[in-house]
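Contents: one structure, followed by commentary.
2 protein chains.
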Amino acid sequence: MARIILIEDDIEIRRLVADALAAEGHDVETAATAMTGLELGIRNTPDLVIMDLGLPDLDGNELLRMIRAISSVPVMVITARGADEAVVRTLDAGADDYLIKPFSVAQLLARSRALLRRGGLAEEASRITVGGLVIDISAREATLDGTTLDLSPKEFDLLRSLAERQGEVVSKRELLAEVWREPYGGSDRTVDVHLSWLRKKLGETAAEPRYLKTIHGVGVKLVLPD
Amino acid sequence: MARIILIEDDIEIRRLVADALAAEGHDVETAATAMTGLELGIRNTPDLVIMDLGLPDLDGNELLRMIRAISSVPVMVITARGADEAVVRTLDAGADDYLIKPFSVAQLLARSRALLRRGGLAEEASRITVGGLVIDISAREATLDGTTLDLSPKEFDLLRSLAERQGEVVSKRELLAEVWREPYGGSDRTVDVHLSWLRKKLGETAAEPRYLKTIHGVGVKLVLPD
DNA sequence: ACGGGATATCAAGGTTTTCTCAAGTCATAG
DNA sequence: CTATGACTTGAGAAAACCTTGATATCCCGT
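Sequence order for the protein chains is A and B.
Numbering-wise (the numbering used here), the first sequence opens with residue 10 and increments by one.
Numbering-wise (the numbering used here), the second sequence opens with residue 10 and increments by one.
Okay, here's the thing in structure tokens:
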């Protein structure tokens, strides 16, 4: 469920699109002019804006620029103007997609899904996925190919620290700082041992790593298996 | 400057699009089949993938799903199939944009700009590209034409030092200082040996260099192959 | 074409880093 | 109080890596 602002002066199209989006479970607010649309947008931090270019009170590209000046919300433009130069100009003014009237509602919905998927929907990064590995941070639970792993606290923290920087090499000292929170004290062996246990539970060995690759002399990284 | 992978079997379109993207300053890698495209290192975090749906070896939607299983890179689909259901299906399979042939190159460029803009084009500095050689510094990984090279620490540091000054001749003494970090101590032979190993892994010899050219009496430089 | 200096490559030896086991501590639940 | 699970540490073995010296080869000025 997302908040969507629809700015369109043609009442038929407005209703058609608004109803279709509402049927998908979204919360749609409509406006017939640029000015009312802007007012809606400013106080509502929407997940997506769908707007017509041919509005009565303001040029569409002008409105687009005003939106971009204050927000990075995804914007889809729907308009009758189909000339290439118009499309290019509008996309370069900050639009994320451009749909030419008459359009199919199904396609408009699919395109809005694509835009929302990309991050209009503000999501908590409370879950990290790396191949068959899913790490649910708030639930403090990790699953591998569907089966839950029985991890000790330190093992989970270690895996999470690595997952938060997926693909990056992390040194043992950094891991000690992040997981153990001891500037001194900790020894690298501790990390080694926990890593070894983690690998065993992930069904891999140091010699045949799938997820946990060690970079000799540098550290470890969590990667996608081949 | 972004790294873009283009998967398209029609040679004319491939060239047209690749040239246009290259003219925008992007680094374009092309493939004619789904398999070569995948090998091209989609796992190696390109900034954008542009792909045809009608590939000879694999259904486009299938390829899309394979890409989505391992990466969240933005994907633009270009195809002749324009039916609404096809568009919806592909967008829901994970595509970010869908362009129907024949399309205008200007519009394709504008749409890729829009996708790249959203993608953040983030860790630009953490990656260096020289022809088919890609050096990912934070992952401490180097790939040649899509296949990852198994480099030792010193080999990687050496390659990286040279890549950071691509095209410039670097003396052994400078390399000793940068990679070995010992004002004295190191001998030039050490550099020679590591260079030799590096060449072997890059699939070249000192007599037939492709990337690593030695300038007699001066040093070495990393260059684009002919 | 020749000689001296620079570079390439190989094999051997030595060093550092990583991996894993087992022993021991500590806290907690029963 | 005991049993269990979690964690730390040290030590040895294994693996990966680096350096060195020797020899062959190449480059360049004479």
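The beta carbon of each residue, even a glycine, is placed where N, CA and C say it ideally should be.
Everything numeric in this text was worked out from a predicted model, so none of it was measured.
Expressed to the nearest angstrom, what Euclidean distance is found between the alpha-carbon atoms of A/G69 and B/G176? 47 Å
Does the beta-carbon of B/G155 have 16 or more other beta-carbons within 10 angstroms, so that it is buried, or is it exposed? buried
Within the same chain, show all residues whose beta-carbon is closer than 8 Å to that of A/G63, passing over the 5 residues directly before and after it, in chain order. D18, G69, T88, A89, R90
Determine the burial state of B/S121: buried for a count of at least 16 other Cβ atoms within 10 Å of its Cβ, exposed for fewer. buried
Roughly how many angstroms lie between the CA atoms of A/R136 and B/L185, to the nearest whole one? 44 Å
Give the range of the alpha helix (DSSP H) segment to which B/L167 is assigned. 162 to 173
Can you find a C-beta in chain B that's less than 9 Å from the C-beta of A/V178? yes
Which runs of the alpha helix (DSSP H) at least 4 residues long sit entirely within the segment 186 to 228 of chain A? Give them in chain order. 197 to 210
Check distances from the C-beta atoms of the segment 219 to 232 of chain A to those of chain B and list, in chain order, the residues that come in under 7 Å. I224, H225, G226, V227, K230
Can you tell me the Cβ-Cβ gap for B/E164 and B/L233, rounded? I've got them flagged as a contact below 8 Å. Going by Cβ atoms, the distance from B/E164 to B/L233 rounds to 20 Å, so no, they are not a contact pair.
Less than 9 Å separating the beta-carbons of B/D170 and B/G228? Checking the displayed sequence, the identity of residue 170 of chain B turns out to be Ser instead of Asp. Taking 9 Å as the Cβ cut-off, B/S170 and B/G228 do not qualify as a contacting pair.
For A/I79, tell me which candidate among A/V26, A/R52, A/A29 has the shortest Cα-Cα distance. A/R52
Rounded distance between the beta-carbons of A/D56 and A/L125, thought under 8 Å: 6 Å
Classify A/A215: buried if its beta carbon has 16 or more other beta carbons within 10 angstroms, exposed otherwise. exposed
Can you tell which of A/G226, A/G212, A/L142, A/H203 has its C-alpha closest to the C-alpha of B/R149? A/G226
Using a 10 Å radius around the Cβ and a threshold of 16 neighbouring Cβ atoms, would you call A/T54 buried or exposed? exposed
One question on the structure: do A/L168 and A/V200 come within less than 9 Å of each other, judged by their Cβ atoms? no
Using a Cβ cut-off of 7 Å, pull out every chain A residue sitting near B/I20, in sequence order please. Those do not exist, as B/I20 stays about 24 Å from chain A at its closest Cβ, beyond 7 Å.
Just checking: is the beta-carbon of A/L100 within a distance shorter than 9 Å of some beta-carbon in chain B? yes
Look up A/A151 in the DSSP assignment and give the residues it is bridged to. A/I144
Min CB distance A/D201 to chain B below 9 Å: no
Closest residue to B/L72 among B/E48, B/K230, B/A92, B/E94 (Cα-Cα distance): B/E48
Cβ of A/D105 within 9 Å of any chain B Cβ: yes
Select from B/V202, B/K230, B/L15, B/R190 the residue whose C-alpha is nearest the C-alpha of B/P83. B/L15
In chain order, which continuous runs of the alpha helix (DSSP H) of length 4 or greater are located wholly inside the segment 21 to 101 of chain A? 43 to 53, 69 to 79, 93 to 101
Taking just the CA atoms, how far does B/S147 sit from B/G195? 27 Å
Give me the Cα-Cα distance between A/I22 and A/A40, rounded to the nearest whole angstrom. 12 Å
Please decide whether A/V26 counts as near chain B, where near means a Cβ-Cβ distance under 9 Å. no
So A/V139 is in the beta strand (DSSP E); what residue range does that whole segment cover? 136 to 139
With burial defined as no fewer than 16 other Cβ atoms inside 10 Å of the residue's Cβ, what is the status of B/K209: buried or exposed? exposed
By Cβ distance below 7 Å, which residues in the same chain neighbour A/Y107 in space, the five residues on each side in sequence not counted? V86, V96, T99, L100
Consider the Cβ of B/P162: report whether some Cβ of chain A lies at a distance smaller than 9 Å. yes
Mind listing the chain B neighbours of A/A115? Cutoff is C-beta to C-beta under 9 Å, in chain order. D93, E94, V96, V97
Which residues DSSP lists as bridging A/K230, in chain order: A/K222
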